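Q: To start, I am sharing the structure in question, which I have written as structure tokens.
There are 6 protein chains.
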Amino acid sequence: MAYSMEDRAQILFEALPYIQKFNRKTIVVKYGGNAMISAELRQAVISDIVLLKLVGINVVVVHGGGPEISDMLKKIGKESRFVNGLRYTDAETMDIVQMILCGKVNKDLVSMVEALSGRAMGLCGMDGNLIQAKKLDEGGLDYGLVGEIMDVDPQPIQDAIDAGYIPVVSTVAAGIDGNKCYNINADTAAARIAASMQAEKLLILTDIPGLLRDVKDESTLISSLRVSEVPVLVKAGVISGGMIPKIDCCVEAVRSGVSGAHILDGRKKHSILIELLTDSGVGTMIY
Amino acid sequence: MAYSMEDRAQILFEALPYIQKFNRKTIVVKYGGNAMISAELRQAVISDIVLLKLVGINVVVVHGGGPEISDMLKKIGKESRFVNGLRYTDAETMDIVQMILCGKVNKDLVSMVEALSGRAMGLCGMDGNLIQAKKLDEGGLDYGLVGEIMDVDPQPIQDAIDAGYIPVVSTVAAGIDGNKCYNINADTAAARIAASMQAEKLLILTDIPGLLRDVKDESTLISSLRVSEVPVLVKAGVISGGMIPKIDCCVEAVRSGVSGAHILDGRKKHSILIELLTDSGVGTMIY
Amino acid sequence: MAYSMEDRAQILFEALPYIQKFNRKTIVVKYGGNAMISAELRQAVISDIVLLKLVGINVVVVHGGGPEISDMLKKIGKESRFVNGLRYTDAETMDIVQMILCGKVNKDLVSMVEALSGRAMGLCGMDGNLIQAKKLDEGGLDYGLVGEIMDVDPQPIQDAIDAGYIPVVSTVAAGIDGNKCYNINADTAAARIAASMQAEKLLILTDIPGLLRDVKDESTLISSLRVSEVPVLVKAGVISGGMIPKIDCCVEAVRSGVSGAHILDGRKKHSILIELLTDSGVGTMIY
Amino acid sequence: MAYSMEDRAQILFEALPYIQKFNRKTIVVKYGGNAMISAELRQAVISDIVLLKLVGINVVVVHGGGPEISDMLKKIGKESRFVNGLRYTDAETMDIVQMILCGKVNKDLVSMVEALSGRAMGLCGMDGNLIQAKKLDEGGLDYGLVGEIMDVDPQPIQDAIDAGYIPVVSTVAAGIDGNKCYNINADTAAARIAASMQAEKLLILTDIPGLLRDVKDESTLISSLRVSEVPVLVKAGVISGGMIPKIDCCVEAVRSGVSGAHILDGRKKHSILIELLTDSGVGTMIY
Amino acid sequence: MAYSMEDRAQILFEALPYIQKFNRKTIVVKYGGNAMISAELRQAVISDIVLLKLVGINVVVVHGGGPEISDMLKKIGKESRFVNGLRYTDAETMDIVQMILCGKVNKDLVSMVEALSGRAMGLCGMDGNLIQAKKLDEGGLDYGLVGEIMDVDPQPIQDAIDAGYIPVVSTVAAGIDGNKCYNINADTAAARIAASMQAEKLLILTDIPGLLRDVKDESTLISSLRVSEVPVLVKAGVISGGMIPKIDCCVEAVRSGVSGAHILDGRKKHSILIELLTDSGVGTMIY
Amino acid sequence: MAYSMEDRAQILFEALPYIQKFNRKTIVVKYGGNAMISAELRQAVISDIVLLKLVGINVVVVHGGGPEISDMLKKIGKESRFVNGLRYTDAETMDIVQMILCGKVNKDLVSMVEALSGRAMGLCGMDGNLIQAKKLDEGGLDYGLVGEIMDVDPQPIQDAIDAGYIPVVSTVAAGIDGNKCYNINADTAAARIAASMQAEKLLILTDIPGLLRDVKDESTLISSLRVSEVPVLVKAGVISGGMIPKIDCCVEAVRSGVSGAHILDGRKKHSILIELLTDSGVGTMIY
């Protein structure tokens, strides 16, 4: 807090090689969870993103918004039905998903970027048809309007970058099988977008410190992990539960050409800056 | 319906001078009301817009969404309070306005354009800070988060046009006085956007045939009107009630450099094409 | 003639998918015969072309001008000599051919496009060396300055398109074997130009309804034809006489990558618009 | 003829400052008369022009073609009628003028440039509507289709330059008063084109050595002349007869911003190179 | 040294508004004195410059090199003669000046930028004729090849910036009065370059803390100073001796449109970063 | 000297095909030796280069400066030590090399180009890291800071060409093995630059007429030589001594894609123009 100006200069100076490393590269940030709910953390995340943009890094923000959706459903007295662990998305629910993600969460993020003198453009999978999906068909079950991503066309995102904006993308997809749109998983969408843009990094902000060997002991954090080591850790139960799909997204991104995918703790202030612009990694990197 | 191919060719041929006239020009369409509620009319309006884009006219769609907002407020059991005829917009209402306009109506329109093989990008006043507003202060009354437009920066709209998209703009404004955003009048927003882009035309789609001398008799339609003739018609009571602010928007647009502002009947199929690409004007033109 | 404005709008609306289909594509129109002699048909053909340009289609006009050449030769009292069915082109005849095609027919077409508010640039095979030919050597006979196309360099045509013009091309070729220029067959030139530009379509305007199974019965029109079916129809005598070289041009164009080549009836008003912008094909398509 | 290689290098070297002086500038060459009829002179003029283009000077060739027109009229047995010294241009004559200028002379020049590995594009006043004229109305007399230039739009010429071509322009104008086209004076057209392009130089190639104080004595050549000195020389009879309109064109060009207008002897080989690239002026410069 | 990663992130975050402020702006850094002699300080200055470039600021380095010149003159046994306090620059001295500045100091700086992964291009006043001077004529005295700047053409500097380089400029000027080149004052050159580029800032790195009210007491630093206050401080003797010409350069730059000119202590590590990217100013700002 | 203007024009005219041949091509000129020492020859060489640039040829000048380096070393009383025939380059000598080449010779050449109204930009191997070298390790001997070229990145040269300058390159290389910079052979550097740019020609200016079969008899000049003939001539002793490395450079350039490499006599005025713009070759071409 009471840094001397020499400290400040020294630290800026030490960030130089990291800034050079990511210059003109694309970084996809999956933003969600608690880092999105606390106003203070939100401010920290968004200012990190504005800073990265300013030092020449092309940041793309991809967001979900589960809690806000649940709140709204409660508000209109809509009860949720679950199929195989996934929320069944009927037409009315889909409307709420679309409204909350594209109308509320997205534009609030845009608004925060602009308030920090950044320039943002809010998009969803329907703008320029950028995320195309069809009805999820898994195990012969009907999940309603839950979609499976068939294709990502990064052109609208690239157009926004080329015009100088930070694209902020809601994970609602355009339907290509007759339905207008689909509810899609935000981690998967972020991974597919990162892959389609041949991004340098995919950063997934979560509510945990990263992958822990012992979930009760933060000192057992696995700071980096090769894609090839994943199956062993799944077998050993180190990667389990909700961590499995997240790690799967990381693996898919890396296999599609993204240099590194990170599980970061979004509850830690400036975790993005720490990860990208210092030599202290936080969280777990899959590469 | 049973047009011969010769008829078709002849009619296309007769559209030539109109297409030439508007080539590379900007047309702002204010879209709302019943033309937005009927699925069939919506299809007709959107396909007109896609066609105009394709023949080289830069169309910008500006939309409101009053009925959808009212439906949603009812759904969450929110009662409306009115101040001086305007709905008082508290924070919760503003959230619903933003969600419905930016998340539901906007993205549904984008989706319809894309379904017709057009390319659309949905924006709101917060994207790139394109519409900036402060709290409305009229007659010393408090309307809550109802905003008054202070500035329009057409750059984000122009960026979308330059990248080949049809911009679809929700009329929610970024606040410049501490509040995050404001609910603004859609007709006014459309007029201000048209003025800021030096558009060729402003087309306001309504639920009436245009300005009628005798509101009960459609044959008394005033098909064109000089800006200077407006005060007389107001005095005479021909322009009255809800028509006054609409005509005022037209007058403001024309005074700011828009060549013509039109009150069109959105309930009439393809009224946009008829107005722009044939020599039969429909509705009332202020110039 | 007495179409309602609703009819007009409906028809424009129905043209939308066709306009989308050909947007930014190149269409080569071989123009000649009676459609060129009647002032009324000429007006219809040229306005079709101006309209196509305006809706984003890159039209290239390739023209001959046999009747005008014959008239001029008669005027100066020049008798024609024929070799193997081809008019022997001596130096004096070549001068007349060049003058009529490049000076009269070409500039008259340019003038008509401009009169309809289109922008045209008249070119011949010598401008930018766009069509290169050598002396035709067929069967050991001497045809004078009748040339065989050796190469087409579409750059000057593309330059004119890029600068916003409708290129109008006279079929006089630059000689690459010592002679200054050659008289070349206009159908062949159009086919070669279409091939060199990888055009979407080649439209050959003729004085017949298309390929008829029975030349006396228009109801026997063959509306589409695969390239592979041509030899059978030649053998069967359905394709015969002057039709053989025309169909050969179409076949060559399609084999070189043009998507479809059409024999259209130039005597039918707006046959180009009907063919391209409605679902009623007129004439015969080879594909 | 037997220049040593050192001579050659020395002379090239001495041209350096002149090439620098005209680099990226526009030079309009009015080409006509005997320099156009002799094959050897034609070759010299055209190679001069190709060389200028190559050393970075934007040359525009403007040509007439009186003798060729007369020959053709004779050939078709057309008798000429004169009104006030100007040939009355009826419709049939106009057709011949257009054919000869745009079809024969223009394309022959284009062909010569291409034969010398230059790149040329032949244009006339109708291409892109570059020269616009109306019926000449002088002294209440009827000259038929003799036109008076109303406007010059240099865009098509500039487009050809930008795409790397030497524009070659026939002096036939598009009619803007109902007639399709007009016969116009080539010197005037060249002057107007030079003015509209803010050319550095206008070079008028003629069959005389320049302006002579004593027409019988070439040693009395006036090598340079201020615009303000012209009236005195007209009064004194030094500028008289056919020289008056030529000098008037030069005066008009200079008054409109052209730096210098030259009357050059086209019968002298390489007079253009001598004028532009050596310090020996030939002919008369008006400035 | 032992900053936590949270400290680092916090400090980077706090630099955000400063980086935004100077984004796309031009900063001219006059580099010389002790900050140039100590290897450690040189490293710090150059890395600051590379960092600024990376965060989107266009830095231009202007350097002198007095001490290195003196060393070399001593080495070749050349004695210095002084005229009115200025070193008389004979032809031999001028050669040494040129060699040391353009060949040694300049390329060493370029080399250091490149070693830090920046991209630099070394220029002097003769490259593209960017600094033009004539013989200094002050008080009728002869200073030899000491020059007075007549004009600065920033094009070569801008070309280097546009191609992505950090321009490093030696203060040797091209002579425009017959002499090949001139020795010029580096502070003046930096001020003139800043003015010609309408730079946002001119930073003059010196060996003093800034302008002190009492030269023996650093706590009397004047941190900012209006141009209008300068004469008073000169009169009062606060600005005196070698400080006068430095302040004059600052005043000239500010009067010509530079927003602020700073006298910075180059002996303080990262003084450039501190000045530009923190809210602690160091040194004296004239504005 | 007393060329008539007709002579001049004729000679310019005869240069046309040569100018066309090299238009938009890159020519690398290695400049050194006596042609660099005589003021008159220097003027001739530089004006040739300015002329080539002006007629659309991209000339790159690569220079050494042995004699000036020796003079300076003598001046500071530095004795030279030789290792295996190469001057041992200690740090002090390297400083002198850098100063003389980058500071004196380079900027003097730049200055001469500018004086002839050309535009030049002086570069060395350190600018943009264009020539990268490591310590020469030949026969286990230590040559000090003599470098071996490891890579050439032509981007900075190309950037200068694209911005309209004649790049003038000093042959000092950036070290990539810890040392700041290296002294490199200028012929080799020129050959490597020509290869990296896929230049049309490499011209090495020397102090001999070219390769002579009998070194005492200039009439035995070998005017052209295939790469495959070189080994035989080396064996026969025709290529020997200092000629071997020069020819090796030529061979390497040609093998890397340069069309022809020439050994030219720099003592002959305008030998570059003679070689490129006339049909009299001077010197020896390896191809």
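Protein chains in written order, with the working numbering: chain A, 1 to 287; chain B, 288 to 574; chain C, 575 to 861; chain D, 862 to 1148; chain E, 1149 to 1435; chain F, 1436 to 1722. Here a beta-carbon is modelled for each residue, glycine too, at the ideal position from N, C-alpha and C. Bear in mind that the values here come from a model prediction, so they are computed numbers and not experimental data.
(1) For A:Met126, which residues from the same chain have a beta carbon less than 7 Å from its beta carbon, with the 5 sequence-adjacent residues on both sides left out?
(2) Helix, strand or coil: how does DSSP classify E:Lys1416 here?
(3) Could you name the residues of chain B that A:Asp159 contacts, counting a contact when the two beta carbons are closer than 7 Å?
(4) Alpha carbon to alpha carbon, how far is B:Asp535 from A:Arg119?
(5) By the 10 Å Cβ neighbour count, where 16 or more other Cβ atoms means buried, how is C:Asn680 classified, buried or exposed?
(6) Alpha carbon to alpha carbon, what distance is there between C:Gly816 and B:Leu328?
(7) Measure from the C-beta of B:Gln307 to each C-beta in chain A and report whether the shortest distance is under 7 Å.
(8) Check the Cβ of E:Cys1272 against every Cβ in chain F and list those closer than 9 Å, keeping chain order.
(9) Buried or exposed: where does F:Arg1516 fall if 16 or more other Cβ atoms within 10 Å of its Cβ makes it buried?
(10) I want to see whether chain A comes within less than 7 Å of B:Glu366, judged by CB atoms only; does it?
(11) Compute the Euclidean distance between the alpha carbons of B:Leu520 and B:Ile526, then round it to the nearest angstrom.
(12) Looking at F:Met1585: is its Cβ nearer than 7 Å to the Cβ of F:Ala1568?
(13) How close, in whole Å, do the beta carbons of E:Val1245 and E:Ile1217 come, if the pair is a contact with beta carbons under 8 Å?
(14) Under a three-way DSSP split, which group does C:Tyr577 fall into?
(15) Given a cut-off of 7 Å on the beta-carbon distance, is the pair C:Val726 and C:Leu710 in contact?
(16) With a cut-off of 7 Å, does the C-beta of C:Ser621 fall near any C-beta of chain B?
(17) Quick test of your reading: B:Pro389 and A:Gly103, contact by CB under 8 Å. State the CB separation rounded to the nearest angstrom.
(18) How long is the line joining the alpha carbons of E:Gln1346 and A:Ser219, rounded to whole angstroms?
(19) Could you run through the segment 169-186 of chain A and flag, in chain order, every residue whose CB is less than 9 Å away from some CB of chain B?
(20) In three-state DSSP terms, what is E:Val1253?
(21) Could you say if the segment 869-877 of chain D and the segment 1707-1715 of chain F meet the contact criterion of at least three C-beta pairs nearer than 8 Å?
(22) For chain E, find out if any of its Cβ atoms is closer than 7 Å to the Cβ of A:Tyr3; answer yes or no.
(23) Taking DSSP as the reference, what is the three-state secondary structure of A:Lys180?
(24) For the putative contact between C:Val619 and C:Ile846, defined by C-beta atoms under 8 Å, what is the C-beta separation to the nearest angstrom?
(25) F:Thr1528 to E:Asp1355, Cα distance in whole Å?
(26) Can you have a look at B:Ala476 and say buried or exposed, based on whether 16 or more other CB atoms are within 10 angstroms of its CB?
(27) Spatial neighbours of D:Ala1055 within its chain, please: CB distance less than 6 Å, with the 5 preceding and 5 following residues excluded, ordered by chain position.
(28) What residues of chain B sit near A:Ile76, judged by a beta carbon separation below 7 Å?
(29) Measuring only between beta-carbons, confirm whether F:Arg1702 sits less than 7 Å from chain D.
(30) Have a look at A:Asp187 and E:Lys1169 and give me their C-alpha separation to the nearest angstrom.
(31) Just list the alpha helix (DSSP H) runs in the segment 82-162 of chain A, keeping only unbroken ones of 4 residues or longer that don't cross its boundaries, in chain order.
(32) Can you round the beta-carbon distance between A:Glu200 and A:Lys25 to whole angstroms, since I take them to be within the 8 Å contact cut?
(33) Does the distance from the C-beta atom of F:Ser1658 to that of F:Gly1701 stay below 7 Å?
(34) Quick check for students: name the residue ranges of the alpha helix (DSSP H) that lie wholly in the segment 491-544 of chain B, counting only runs of 4 or more.
(35) Keeping to the same chain, check which residues put their C-beta closer than 6 Å to that of D:Thr950; ignore five residues upstream and five downstream.
(36) Using DSSP with H/G/I as helix, E/B as strand and the rest coil, what is C:Thr868?
A: If we stick to the structure as given:
(1) Once the five neighbours on either side are set aside, the close Cβ partners of A:Met126 are Val172, Ala174, Cys181.
(2) Under the three-state reduction of DSSP output, E:Lys1416 falls in the coil class, being neither helix nor strand.
(3) Under the 7 Å cutoff, chain B gives Ala450.
(4) Each residue's CA atom was taken as its position, placing B:Asp535 and A:Arg119 some 32 Å apart.
(5) It counts as buried.
(6) When rounded, the separation of the alpha-carbon atoms in B:Leu328 and C:Gly816 is 52 Å.
(7) Closer than 7 Å: no.
(8) Simply Gly1538, Lys1542, Val1545, Gly1557.
(9) It counts as exposed.
(10) Not closer than 7 Å to any Cβ of chain A, the Cβ of B:Glu366 fails to qualify, so no.
(11) Approximately 6 Å between the Cα atoms of the pair.
(12) Here F:Met1585 is near F:Ala1568, since their CB atoms are less than 7 Å apart.
(13) Contact flag correct, Cβ pair sits at about 6 Å.
(14) In this structure, DSSP gives C:Tyr577 a state outside helix and strand, which the three-state scheme calls coil.
(15) Against a cut-off of 7 Å, the Cβ pair of C:Leu710 and C:Val726 comes out as no contact.
(16) Taking Cβ atoms only, chain B reaches closer than 7 Å to C:Ser621, which makes this a yes.
(17) First, the residue type needs correcting, since residue 389 of chain B is Cys and not Pro in the sequence shown. Contact holds; Cβ gap of about 4 Å.
(18) If you draw a straight line from the Cα of E:Gln1346 to the Cα of A:Ser219, it is about 54 Å long.
(19) Taking 9 Å as the Cβ-Cβ cut-off against chain B, the residues of the segment 169-186 of chain A that qualify are Ser170, Val172, Ala174, Gly175, Lys180, Cys181.
(20) Correct three-state label for E:Val1253: helix.
(21) Result yes; three or more Cβ-Cβ pairs closer than 8 Å.
(22) For A:Tyr3, the nearest beta carbon of chain E is closer than 7 Å to its own beta carbon.
(23) Of the three classes helix, strand and coil, the one that applies to A:Lys180 here is coil, per DSSP.
(24) With 8 Å as the limit, C:Val619 and C:Ile846 qualify as a contact, their Cβ atoms being about 7 Å apart.
(25) Computed Cα separation, rounded: 31 Å.
(26) Buried is the call here.
(27) The residues Val889, Leu1063, Ala1114, Val1119, in chain order, have a CB closer than 6 Å to that of D:Ala1055 in the same chain once the five nearest residues on each side in sequence are set aside.
(28) For a Cβ distance threshold of 7 Å, residue set Lys362, Ile363 of chain B lies close to A:Ile76, ordered along the chain.
(29) With 7 Å as the cut-off, F:Arg1702 does not count as an interface residue toward chain D.
(30) Between the alpha carbons of A:Asp187 and E:Lys1169 lies a distance of about 35 Å.
(31) If only uninterrupted alpha helix (DSSP H) runs of at least 4 residues are considered, those enclosed by the segment 82-162 of chain A are 91-98, 106-115, 155-162.
(32) About 4 Å separates the beta carbons of A:Glu200 and A:Lys25, which is inside the 8 Å limit, making them a contact pair.
(33) With respect to the 7 Å criterion, F:Ser1658 and F:Gly1701 are not classified as neighbours on the basis of their beta carbons.
(34) Considered as a whole, the segment 491-544 of chain B harbours 517-522, 530-542 as its complete alpha helix (DSSP H) runs of no fewer than 4 residues, in chain order.
(35) Correct list, in chain order: Gly1005, Leu1006, Val1007, Asn1044.
(36) There is no way to answer for residue 868 of chain C, as the model of chain C reaches only from 575 to 861.
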